[in-house]
Amino acid sequence: MTGRQARLLMCPPDHYGIEYEINPWMSRACESHHGKATIQWLQLRQIFEQLGATIELVDPVPGLPDMVFTANAGLVFHDRIVSSRFRHVERQGESAHFESWFTAHGFNVASLATPAPFEGAGDALFCGDILFAGYLHRSDIRAHTKLAHIVGCQVLGLELVDPRFYHLDTCFCPLAPGVALYFPEAFDDYGRRVLQAHIRTLIEVAEEDAVRFGCNAVVIGSDVVFNAGCDHLAEQLSVLGFRAHQADLSEFLKAGGAAKCLTLRLDGEEAAIWKSLAA
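If you read the sequence shown in our numbering, its first letter stands for residue 1101, the second for the next number, and so on.
This is the structure we're talking about:
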């Protein structure tokens, strides 16, 4: 654990369900089980609290089943939230509710002022002082220039070529400055070279763990929380000195999300160097 207390934004799964299909994981023929999803969400929250994290909640809204995936609300940078501009109309109604929550809780809400889609911390992750930004399936590379202007740091775009890994946080997880997990096949050749050139220690995640969303992990100090069934990944993390915590999130995989998708780090990602400079 680090010396600071992690703050995570979560949304109860009261209205969660598979009501549309906007990624390869979603099928209305494979409905989620509400009671099981609620239990899984509560167990995930309990793990975070046992690790010392503070959980803050945004109210769920009927008709917006994917609000449970708070990572997509925007990108937090110090006391600022860069609000998302969702690609799919099914999720666009979430933004107003998230922006109201952030305003009420003392954040300055910033807009990219561009029609180009940008889906928050799902597609923008700090590793050290570099912001890596995914694009193609959900976010648009044209948003990156605006994003770099707002956060004032280097933004490196990474093209995601496998539609199963439609957000960057499904195939890439910074663990500490200079250290990250990734699933190489999710990126084009250039993207892999960018990662290899800028991150000192890259840990390749096997496909069997990647498709169980092992990279979609929440990092709190030396503790890493991810979906159950990623035993090889747990061993890899142990060798690096991290403690793995696996949680059954099978109901949320039906929508293409797991631990990271279900949270937004309000105090900055663990691998973000700017957090150590915050007041």
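Ideal Cβ placement from N, Cα and C applies to all residues, glycine included.
Supposed contact pair residue j and residue i - C-beta distance, whole angstroms, cut 8 Å
i, j, result
"V1168", "H1197", "Incorrect: roughly 12 Å between the Cβ atoms, too far for contact."
"L1212", "R1185", "6 Å"
"G1314", "E1370", "Not a contact, Cβ separation roughly 17 Å."
"C1227", "A1280", "5 Å"
"A1317", "V1325", "6 Å"
"G1220", "A1173", "6 Å"
"A1344", "S1338", "7 Å"
Member of the options whose CA lies at the smallest distance from the CA of residue i
i, options, result
"D1114", "A1137, S1127, R1264, K1360", "A1137"
"L1142", "D1367, G1368, L1362, I1373", "L1362"
"V1261", "R1292, L1281, T1301", "R1292"
"H1267", "G1234, H1244, A1248, I1230", "G1234"
"C1130", "R1365, A1358, K1354, V1324", "K1354"
"N1047", "A1224, H1178, T1214", "Here the chain covers residues 1101 to 1379 and nothing more, so residue 1047 does not appear."
"F1287", "Q1105, A1297, R1128, F1272", "F1272"
"A1358", "D1367, L1366, Q1346, G1368", "Q1346"
"T1270", "R1104, L1337, G1163, V1305", "V1305"
"F1265", "M1126, L1109, C1111", "M1126"
"F1352", "P1165, Q1146, L1109", "P1165"
"D1323", "S1132, E1308, G1341, E1307", "G1341"
Buried versus exposed, by CB contacts within 10 Å (16 or more), residue i
i, result
"D1240", "buried"
"L1157", "exposed"
"A1372", "buried"
"G1135", "exposed"
"T1301", "exposed"
"H1205", "exposed"
"F1332", "Contrary to the premise, residue 1332 reads as His rather than Phe in this sequence. Exposed: under 16 other Cβ atoms inside 10 Å."
"Y1282", "buried"
"Q1296", "exposed"
"T1203", "exposed"
"H1237", "buried"
"G1368", "buried"
"S1200", "exposed"
"R1365", "buried"
"A1379", "Only weak support exists for where A1379 lies, its pLDDT of 40 falling under 50; the value from the coordinates is given anyway. Exposed is the call here."
"T1102", "For T1102, the pLDDT reaches just 45, beneath the cut-off of 50, and the residue's location in the model is therefore unreliable, leaving the point undetermined."
"E1194", "buried"
"P1217", "buried"
"R1145", "buried"
"H1244", "buried"
"D1229", "exposed"
"G1222", "buried"
Residues that DSSP places opposite residue i in a beta bridge
i, result
"S1239", "Looking at the DSSP assignment, S1239 forms no beta bridge with any residue, so it has no partner."
"Y1120", "Bridge partners of Y1120: none, in fact."
"H1345", "V1325"
"L1302", "A1280"
"C1273", "L1281"
"L1364", "L1109"
"R1264", "DSSP, once it has assigned bridges, lists no residue as partnering R1264."
Proximity below 7 Å, CB of residue i to CB of residue j
i, j, result
"Q1140", "D1348", "yes"
"V1176", "I1250", "no"
"T1154", "R1107", "yes"
"Q1336", "I1303", "yes"
"L1231", "C1253", "yes"
"L1247", "V1294", "no"
"P1124", "P1263", "yes"
"Y1290", "E1190", "no"
"R1180", "A1210", "yes"
"G1152", "Q1192", "no"
Short CB-CB distance (under 7 Å) between residue i and chain B
i, result
"F1202", "The structure shown contains no chain B; it is built from a single protein chain."
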